[in-house]
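So in my numbering, spot 74 of the sequence shown is number 298, and the numbers just go up one at a time. One structure is given here, and the rest of the page talks about it.
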Amino acid sequence: MAKTLKHQLAGYIISGVLATGTDFISYNIITLFTHHLSIVKAFTFLLGTVVAYFYNKIITFEHKGGSVHHVFKFFFLYCISMVLNVAVNQGMLFITNYYNDPSFIKKTTAVIFATFVSMVINFLGQKFWVFRKPVATHVYNS
């Protein structure tokens, strides 16, 4: 049974919490054993992204089947989203004149706005591109 938009949004938020939790917890555990923080961060971000992929595929969008093509589309979407996130964050820092007058509020506002843009792009991209339901075609016999 297809989920309503409300249920998809709820599932998407839950997947975000799980993905972020996976990233955060695994980062803190792994960094107990190494000081290669950038490598660890990249790895734990990837772990969180894998959690988000499977949760959204199976639960949020109830996508049956799957292929390498879907995985590629998902990770491509997240790469685009990451670039947009960084660009929006930088744009907001510029607009608020953060570099000439730094403040916690300006920095936090930029991060929140950039995160919101990423969340919207990721949700819409997954719903209408990555996990899009196939359009039913009807064959009429004459």
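Backbone N, C-alpha and C define an ideal beta-carbon position, used for all residues, glycine too. Small disclaimer: the values here were computed from a predicted structure and weren't measured.
Note to self: At 4 residues or longer, what runs of the alpha helix (DSSP H) sit wholly inside the region 263-329?
What the structure shows: Fully enclosed alpha helix (DSSP H) runs of 4 or longer: 292-319.
Checklist line | Contact set for F299: own chain, Cβ-Cβ below 6 Å, skip 5 residues either direction | finding: The sequence position of residue 299 within the sequence shown is 75, counting from 1. No residues qualify anywhere along the chain.
Check: What is the residue span of the alpha helix (DSSP H) that V241 lies within?
Finding: Locating residue 241 in the sequence shown gives position 17, where the first residue counts as 1. DSSP places V241 inside the alpha helix (DSSP H), whose first and last residues are 229-254.
Check: Ordered along the chain, which non-local residues of its own chain (more than five positions away) have a Cβ less than 7 Å from that of G349?
Finding: Residue mapping note: residue 349 aligns to position 125 of the sequence shown, counting from 1. Cβ within range, chain order: L301.
Item checked: Euclidean distance between Cα positions of K227 and T273 -> Position 3 of the sequence shown holds residue 227. Position 49 of the sequence shown holds residue 273. If I take the Cα positions, the gap works out to 22 Å.
Next item on the list: Pull up the distance between the alpha-carbon of N346 and that of F340, whole angstroms please.
Entry: Sequence index remark: in the sequence shown, residue 346 carries index 122 (1-based). Sequence index remark: in the sequence shown, residue 340 carries index 116 (1-based). One C-alpha to the other measures close to 10 Å.
Item checked: Within 7 Å, strictly: CB atoms of S250 and L233 -> Translated into the one-based positions of the sequence shown, residue 250 becomes position 26. Translated into the one-based positions of the sequence shown, residue 233 becomes position 9. No, Cβ-Cβ distance for S250 and L233 is not below 7 Å.
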